[in-house]
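These notes are about the structure you will find just below.
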Amino acid sequence: MCNSTVLPIKIYIRQSNHTDDVKMYLSSDFDKSVRLCDDFYHHINGEWKKQNPIPPGYSHWDTFSILTMQTQEKIRNIIQNICDNPSNDAESIQIRNYWLAAIDVNEIERLGISPVRKLLHFVDTSDVTTCLAFTMSHRCSSPLIMYDAPDSHDSKLTIAQLAQSGLGLPDRSYYTDPDKQKICRAYQSLIADTFTTIETQYNYPNKSPSQDIAQAVYDLEVKIAKLHMNKIDRKDPYLTYNKMNIRLLQSAIGRIAKDKKRTVDFSKLLRLFGTNEESIGEINVCHLEAVKNITCLLETVDTQVLANYFKWHIMLSFMEFDLPAVFSKLYFSFYETLLNGIATPKKRHKLAMHNIEFVLGDAIGKKFVQAHFSEESKLSVLSIVHSVKNALLDRLKKLEWMSEETKKHAVKKLENINIKIGYPDKYIDYTKLKIVPGKHFDNQLSSNSFMFTNMLQKINRTTDRNRWYMSPQTINAYYNPSLNEIVFPAAILAPPFFYHNGDPAINHGAIGAIIGHELTHGFDNTGRKYDYMGNVVDWWTQADLQNYQSRIAIMVQNAQGTKVLDTHINGELTCGENIADLGGLQLAFAALENNIGKNTDKFASSGYTVPQRFFISWAKAWAQNNKKEHQLQSLTTDPHAPAVFRVNSPLMNMKEFRQAFDVKPSDKMYKLDKNMVNIW
Ligand SMILES: [Zn+2]
31 MCNSTVLPIK
41 IYIRQSNHTD
51 DVKMYLSSDF
61 DKSVRLCDDF
71 YHHINGEWKK
81 QNPIPPGYSH
91 WDTFSILTMQ
101 TQEKIRNIIQ
111 NICDNPSNDA
121 ESIQIRNYWL
131 AAIDVNEIER
141 LGISPVRKLL
151 HFVDTSDVTT
161 CLAFTMSHRC
171 SSPLIMYDAP
181 DSHDSKLTIA
191 QLAQSGLGLP
201 DRSYYTDPDK
211 QKICRAYQSL
221 IADTFTTIET
231 QYNYPNKSPS
241 QDIAQAVYDL
251 EVKIAKLHMN
261 KIDRKDPYLT
271 YNKMNIRLLQ
281 SAIGRIAKDK
291 KRTVDFSKLL
301 RLFGTNEESI
311 GEINVCHLEA
321 VKNITCLLET
331 VDTQVLANYF
341 KWHIMLSFME
351 FDLPAVFSKL
361 YFSFYETLLN
371 GIATPKKRHK
381 LAMHNIEFVL
391 GDAIGKKFVQ
401 AHFSEESKLS
411 VLSIVHSVKN
421 ALLDRLKKLE
431 WMSEETKKHA
441 VKKLENINIK
451 IGYPDKYIDY
461 TKLKIVPGKH
471 FDNQLSSNSF
481 MFTNMLQKIN
491 RTTDRNRWYM
501 SPQTINAYYN
511 PSLNEIVFPA
521 AILAPPFFYH
531 NGDPAINHGA
541 IGAIIGHELT
551 HGFDNTGRKY
561 DYMGNVVDWW
571 TQADLQNYQS
581 RIAIMVQNAQ
591 GTKVLDTHIN
601 GELTCGENIA
611 DLGGLQLAFA
621 ALENNIGKNT
631 DKFASSGYTV
641 PQRFFISWAK
651 AWAQNNKKEH
661 QLQSLTTDPH
671 APAVFRVNSP
681 LMNMKEFRQA
691 FDVKPSDKMY
701 KLDKNMVNIW
């Protein structure tokens, strides 16, 4: 168990508080064949890109992947230790039982499709509402989904959110874009092959030929896709706010089905969840038109097609990890190879690591924090957070384009931002989660149901402002507009983003800019619509809004005008992240200047100035290699622009960068002052 895989990569995360190491860290990946002032990203990372090919089993490889791999090694050691030294601690028992069953592939093969056969039979004998209740409450792929979130107009209260879903392809555009036809055909083959496999290898009697099932299920998904609200509108808090009680929702849909069994009955749905209209209160129907029309579609589509649609989405939800290898191979060839360009499947234990994160993430996180995150690190990150926040406060007060009236609200919002570092005060309580030795599929199902029940208990209650939406071992960070908070899990507070006692220029260029990035999300094109409490309130004067939007329009154009893999970056989709990258860098730079101004530069003999080290550190944080397929998918669905743009574009908008590297008008990274965008 737990065989360690040595990946063919150069692990390159080292830098200490010695000047020589700093110098080595900064310069060792340079590609001098690319001029720094023409393409900073490739100059700084060119050698890294050559030395760090994408390992088998991955769609891309970057600094985040390396840190993830290191974090996973630590977590594997924690799990291994629990497995080798059984204890009576309840969460350790759950971790051990889940893990040992999850990696027991012989038992999973022996059971064949028997665990899922029961669910397929359940679909055949259940009405539409019952099928929907099952998929929704077991976190299966489903035409509608429900989750909890603060009411965006009264953030003190957490309410249920009902949203569109139910597509097997990554986004609605895949079903309509003529360039994606090859992917659509392969997706239909995947559905057909899955139904053929359950019939021929596991004796499951399909009611029609697999090809016909696949065609009909796909056609139904095309209809659902066309009803979906698009990605840009989904970010609009006004368009996605439709609060109503269940009775109103039911009448808004109108009656189409004559047969009661064909009716999507929302009261019954809640009863099947184990709750009722009174407990659930008013809900927000995020994508109202889509939810109404998808519901009507479910009530009118042929019943056999609908049954096959549910069966397919149940299979899809479990085929990667919970069923015999023949299904994970089918899943892999489509979702990983075709959509992401990955040629070699991940080892079972890697997938198990990924899955245990969803099942017992906080239980593992607690042990991870105890072993790997110090209170000193927390304090030192907090001091960077405060200096970046103060830099934003200063700059807000001095903004020329914003009126005093709007500034007052902006300052209040920033002063009230909640900062969470490392780990939550209170972890998820897993006491009621049933994890049984040797029953992998059942464990997965009961975990899905446990998480859903846990979620239901938060609905129509006072919002828990101490809650975390990421586990401490996650390599990421977020801003949550509904709670006006920034959150940095313990695992990202590590090299190359943060070096405890390291060079302040390098720390500010990486974690400092990421902190600034998250802070400015509170004021990006979406975040600006929320007030200091996380409520959707328009606190902008008309003139300020116009000033702001004219600046954003230039950023959208800049992104739109840049091509990666011959594809234009989607300026609208990536707008919020691009605003955050530029703002984050500007704030971190200002914070660094404030801090360093008082002290002598301990790292001056590295050969790089403070600003140079800052900008190199930013570029190094985004060193990345990507499979073409993965990059193309990201260009369609990811709100983050490709790494080369994330590095070069904000720097071209900073005079500090131009000065640090003496960028001349003849250089490609040169921009005239009048063309630079400056928001914060
Ligand atoms: Zn972001």
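Its first residue numbered 31, the sequence shown is counted upward by one per residue in our numbering. Glycine residues also receive a C-beta, built at the ideal position from the N, C-alpha and C atoms.
Check whether residue i and residue j have beta carbons under 8 angstroms apart
| i | j | result |
| --- | --- | --- |
| ALA193 | LEU302 | no |
| ILE414 | ILE545 | yes |
| CYS67 | PHE691 | yes |
| ALA535 | ILE133 | no |
| ILE74 | LYS650 | yes |
| HIS439 | ASP561 | yes |
| THR597 | ALA120 | no |
| ALA621 | ALA373 | no |
| ASP201 | LYS261 | yes |
| THR101 | ALA393 | no |
| MET485 | ASP178 | yes |
| MET259 | HIS317 | yes |
| ARG581 | TRP570 | no |
| ASN496 | PRO454 | yes |
| LYS271 | ASN236 | In the sequence as presented, Lys is not what sits at residue 271; that position holds Tyr. No, the pair does not count as a contact, with Cβ atoms beyond the cut-off. |
| GLY142 | SER172 | no |
| ALA543 | THR604 | no |
| ASP606 | HIS547 | Note that residue 606 corresponds to Gly in the displayed sequence, not to Asp. No, the Cβ-Cβ distance between GLY606 and HIS547 is not below 8 angstroms. |
| LYS186 | THR504 | no |
| ASN127 | VAL389 | no |
| LYS265 | THR639 | no |
| ASN655 | ILE84 | yes |
| ALA222 | SER240 | yes |
| PRO375 | PHE362 | yes |
| GLU77 | ASP61 | yes |
| SER479 | HIS168 | yes |
Bridge partners - residue i, DSSP secondary structure assignment
| i | result |
| --- | --- |
| ALA193 | ILE175 |
| LEU187 | THR492 |
| MET716 | Residue 716 is absent from the model: the chain starts at 31 and stops at 710. |
| TYR508 | VAL517 |
| LYS593 | HIS598 |
| PRO180 | THR188 |
| VAL566 | TYR560 |
Opening and closing residue of the beta strand (DSSP E) in which residue i lies
| i | result |
| --- | --- |
| GLY761 | Summary: the structure shown does not reach residue 761, with the chain confined to residues 31 through 710, and so no result is reported for it. |
| PRO85 | Neither: PRO85 is in no beta strand (DSSP E) and is coded neither H nor E. |
| TRP91 | 90–92 |
| ASN385 | Here ASN385 belongs to no beta strand (DSSP E); instead the alpha helix (DSSP H) covers 378–402. |
| ASN655 | 654–656 |
Expected contact under 8 angstroms - CB spacing of residue i and residue j to nearest Å
| i | j | result |
| --- | --- | --- |
| VAL674 | TYR71 | 5 angstroms |
| ASN678 | ASP69 | 7 angstroms |
| SER89 | ASN385 | The Cβ separation is near 18 angstroms, so there is no contact. |
| GLU137 | GLY468 | 6 angstroms |
| ALA244 | GLN218 | 5 angstroms |
| ALA589 | ILE599 | 5 angstroms |
| PRO502 | PRO519 | 5 angstroms |
| LEU615 | TRP648 | 6 angstroms |
| ASN490 | GLY311 | 4 angstroms |
| ASP574 | VAL52 | Not really, about 42 angstroms apart at Cβ, beyond 8 angstroms. |
| VAL321 | LEU174 | 6 angstroms |
| ASN306 | LEU300 | 6 angstroms |
Delimiting residues of the alpha helix (DSSP H) encompassing residue i
| i | result |
| --- | --- |
| PHE619 | 605–626 |
| GLU548 | 543–551 |
| VAL247 | 240–257 |
| ASP154 | 144–154 |
| ARG140 | 135–141 |
| VAL640 | 640–651 |
| MET682 | 673–682 |
| LYS464 | Here LYS464 belongs to no alpha helix (DSSP H), and DSSP marks it neither H nor E. |
| TYR128 | 120–132 |
| MET485 | 470–486 |
| ASP668 | No alpha helix (DSSP H) holds ASP668; DSSP gives it neither H nor E. |
| PRO208 | Unbroken run through PRO208: none, as it is neither H nor E. |
| HIS530 | Taken as a continuous stretch (DSSP letters only), HIS530 belongs to no alpha helix (DSSP H), as it is neither H nor E. |
| ALA320 | 318–330 |
Distance cut-off 7 angstroms: residue i Cβ against heavy atoms of ligand 3
| i | result |
| --- | --- |
| GLU686 | Of the ligands this structure carries, namely ligand 1, none is ligand 3. |
So which residues touch the region around ligand 1, with touch meaning a C-beta under 6 angstroms from any heavy atom?
HIS547, HIS551, GLU607, ALA610
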